[in-house]
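Structure record follows, encoded as structure tokens.
Number of protein chains: 2
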Amino acid sequence: MALIVQKFGGTSVGSIERIEQVADKVRKFREQGHDLVVVLSAMSGETNRLIELARQISDQPEPRELDVVVSTGEQVTIGLLAMALIKRGVPAVSYTGNQVRILTDDAYNKARILQIDDQRIRQDLKAGRVVVVAGFQGVDEKGNITTLGRGGSDTTGVALAAALKADECQIYTDVDGVYTTDPRVVAQAQRLDKITFEEMLEMASLGSKVLQIRAVEFAGKYNVPLRVLHSFQEGPGTLITIDEEETMEQPIISGIAFNRDEAKLTIRGVPDTPGVAFKILGPVSAANIEVDMIVQNVSHDNTTDFTFTVHRNDYQKALGVLQATAAEIGAREVVGDTHIAKVSIVGVGMRSHAGVASQMFEALAKESINIQMISTSEIKVSVVIGEKYLELAVRALHTAFDLDASARQGE
Amino acid sequence: MALIVQKFGGTSVGSIERIEQVADKVRKFREQGHDLVVVLSAMSGETNRLIELARQISDQPEPRELDVVVSTGEQVTIGLLAMALIKRGVPAVSYTGNQVRILTDDAYNKARILQIDDQRIRQDLKAGRVVVVAGFQGVDEKGNITTLGRGGSDTTGVALAAALKADECQIYTDVDGVYTTDPRVVAQAQRLDKITFEEMLEMASLGSKVLQIRAVEFAGKYNVPLRVLHSFQEGPGTLITIDEEETMEQPIISGIAFNRDEAKLTIRGVPDTPGVAFKILGPVSAANIEVDMIVQNVSHDNTTDFTFTVHRNDYQKALGVLQATAAEIGAREVVGDTHIAKVSIVGVGMRSHAGVASQMFEALAKESINIQMISTSEIKVSVVIGEKYLELAVRALHTAFDLDASARQGE
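Chains A and B supply the protein sequences, listed in that same order.
Just so we're aligned: 300 in UniProt numbering is position 300 of the first sequence, and the numbers increase by one with no gaps anywhere.
Just so we're aligned: 156 in UniProt numbering is position 156 of the second sequence, and the numbers increase by one with no gaps anywhere.
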């Protein structure tokens, strides 16, 4: 008998048949006596269809009106699911972001939730109704419709769970949990029963797209237990929660994340004077290019080499900016590489274990993989390597850190 | 420099191209200095698509949730038109029924407008913005989304015009005005420059589907000048207004309306006792069948014949009910006919002109058309005839009452 917020994504409600399946699932939970709030995305493809309509009118549709248009996607699914529940004899009611009232700021297309009024929902739960809420949307102080940006339905789910002090926020998706790494790369990858918010954040930001980063941040901030589950397969999924028990049993590394979205740029022979980093990165950020990893090496002849990574889509733009900078500050040359990959080991356990980084480097060295850049944080070590070594590196690390399915079955 | 409410229907906003055309049209009016409120329907086909989704879940979708779903159709078009206007440099803002706030009762799927808050719209108009409002929808006292039922966008337009005391409510549609009769039946049918609310009501209820009856009633009640125009052709359209000048010049008959939607039922040899009409029609109305024309003839042998018409869709049901009644009250027989048509002449001028009915009967007699039933009101005479005579009757009446295009050109 718990209060559970369940969020179903676009593919889970992508057809009438799927919506009926979700209704069956919700009914089962209801019959177990749980109080349920269900958050829905638009039917898969619908948000894109609506954006496409707007794009046909203008390349840059007016943001307020774009939100008026795209917010209809979720409004359709909540009505349909509520109908499907009522058909099954399960009392239900649907609410838009405005009806709940999910108050946001007025940053159309990427609004942030400021406050959630839980009065109406609590009354409905008390009366035995399942409450079906439109994800991804809210309303500003003046009553204008806003949307939270792509993937915002996860955030709606977590925010509702926080506001209602729900026992759990369940995110239903097309995978059955969070894995030690991508099973398409490593066959022995395995589902994690549990992972901490911090680890999940690192995994998510490194390209494991199971959950929206904002939703995980939100869940961590308000300590909302978050569970990732498969929409149509039974199973416990993965629970994302705070790190309650720092025991010895805890694995040092929870997962291996990776991405191929980045490109590397190096400016060589930079006169090594104070403020040179700003001189190089200032124009890059002024061009609205986000920089990820940054490495600076001191060289022998009073010059330095400066390397950083950007998203591959920004590579050409960044190259232009950097060449202009090089000419200006008298650097020797600019070189770049788009065939790189970033591989990271993530785990709260590494806090208390020395030598994790060197264990990583050793595993890569064994496979003769050259490391081009290194960056570390409290619970993560990332390296940049040649893209062609990516799969090899991930597999080697997965084995080296005892993550392979067979290796852990003995625990 | 007037305040004009313009309503565009589903075909007028049925594609992005059409929405752009409407935006061009609105801009032209704006450039003439008018204050504009634009009411839109959903893109043609969209409301049906949404209802179909709901029907796939349930034959009888829960009414509240159905309104949540179908109201999204108009929300999409208002956002798109506002974008298209802003792209043209015309300041614009869109509002849903809830945002305006169009307060209705809570009769989902067929709600009635109770009150319109004009504050927000007036502020926008003052600030030079075109206000784009979703037709067909409102919100009840508790904040639940409601819809006004099919064709409700006309009603939204008229209600907004009434609330704002607009100078005119323009209904843009796919015909260029109200005609003396259906041009597909009578080639000489002509567009009326002007028609009274009462006449329009009779025309509309008799099957001239240019405007929703409720919208005309509303316009008459609040004396909102209503103009029917073609969305994409220039022209003055038809103005529907109060009968200000009852002059001699006024034509006696404004138009000929007709429909083929009805069927006729007769119960013969009914013992003629008090209360017999109720005994016959009580069970019919209890079966939710609407009755239109009713005629009772006294016969010689203390029995009576009783005839009435119903919608053709209700014919079989009505026949069953009537046969049961006949057995109960000892009537001789029940007969029916689905091959009938109703033809009506409509005009406020007939109030002051005697002999209009007999002129009608004479014209029909000349063509040897047998009249099966007659019913009259202040400004209308209706007859039921055999369906096969319909076109002939309409043409004969159109000529007899001087409505043919050539006949009136001499005026």
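Just so it is clear, CB atoms sit at the ideal spot from N, CA and C, and this is done for glycine as well.
Report yes if the C-beta of A:V39 is less than 7 Å from at least one heavy atom of the ligand ZN; otherwise report no. The ligand ZN is not among the ligands present in this structure, which contains no ligands whatsoever.
Would you kindly check if the distance between the Cβ of A:V133 and the Cβ of A:V26 is under 8 Å? no
Note the first and the last residue of the continuous beta strand (DSSP E) segment covering A:G72. The sequence shown places Thr at residue 72 of chain A, not Gly. No beta strand (DSSP E) holds A:T72; the alpha helix (DSSP H) holding it covers T72 to K87.
Mapping DSSP to helix, strand and coil, what is B:T104? strand
Residue range of the alpha helix (DSSP H) that A:G320 falls in? Y315 to I329
Using a Cβ-Cβ cutoff of less than 8 Å, which residues in the same chain neighbour A:I86 once the five nearest sequence positions on both sides are dropped? A92
Please report the residue range of the alpha helix (DSSP H) in which A:L364 lies. V356 to K366
Residue-level contact to chain B via CB, A:K87, 8 Å cutoff: yes
Check whether the Cβ atoms of B:Q75 and A:T72 lie closer than 8 Å to each other. yes
Have a look at the DSSP bridge pairing and note the partners of B:R227. B:Q170 and B:L239
What number of angstroms, rounded off, separates the C-alpha of B:S358 from the C-alpha of A:Q56? 60 Å
Using a beta-carbon distance below 8 Å, is A:P91 in contact with chain B? no
Quick one: grab the DSSP three-state call for B:R191. strand
Under 9 Å between beta-carbons, which chain A residues line up against B:V39? List them in chain order, please. The contacting residues do not exist; B:V39 stays about 15 Å from chain A at best.
Backbone CA spacing between A:V284 and A:A326 [nearest angstrom]: 12 Å
Taking one C-beta from the segment 375 to 392 of chain A and one from the segment 1 to 15 of chain B each time, how about it: are there three or more such pairs within less than 8 Å? no
Can you list the residues of chain A that B:I78 reaches, using a CB-CB cut of under 7 Å? V68
Verify the CB distance criterion: does B:I16 have a CB-CB separation below 8 Å to chain A? yes
With DSSP as the reference, identify every bridge partner of A:Y95, one or two as the case may be. A:V133
Which residues of the segment 224 to 243 of chain A have a Cβ closer than 7 Å to any Cβ of chain B? Give them in chain order. none
Comparing alpha-carbon positions, which option in B:G336, B:A204 and B:A331 lies nearest B:V228? B:A204
For B:D24, the three-state DSSP class (helix, strand or coil): helix
Close beta carbons around B:S382, own chain, < 6 Å, minus the five adjacent residues each side: K342, S344 and S375
In chain A, which residues lie less than 8 Å from B:N109 when you measure between Cβ atoms? The premise fails here: B:N109 is roughly 12 Å from chain A at the closest Cβ pair, so nothing lies under 8 Å.
Please state the DSSP three-state secondary structure of B:F232. coil
CB contact check: B:I57 to chain A, cutoff 8 Å: yes
C-beta atoms of B:L81 and B:V13 nearer than 8 Å: yes
Close beta carbons around B:R88, own chain, < 8 Å, minus the five adjacent residues each side: A23, D24 and R27
Tell me which residues share the same chain as A:S41 and place their Cβ nearer than 6 Å to its Cβ, disregarding the 5 neighbours each side in the sequence. G9, G10, G135 and S153
Quick check: is the beta carbon of B:N98 nearer than 8 Å to any beta carbon in chain A? yes
Proximity to A:D118 [Cα-Cα], best of A:L322, A:L164, A:A189 and A:R191: A:L164
Answer yes or no: does any C-beta atom of chain B fall closer than 8 Å to that of A:S375? no
Interface residues of chain B facing A:E141 [CB-CB closer than 7 Å]: Simply none; closest approach about 13 Å.
Segment limits, alpha helix (DSSP H) that includes B:L50: E46 to I57
Using a Cβ cut-off of 8 Å, pull out every chain B residue sitting near A:L53, in sequence order please. I16, V76 and L80
Among B:L239, B:K221 and B:A215, the one whose alpha carbon lies nearest that of B:G177: B:L239
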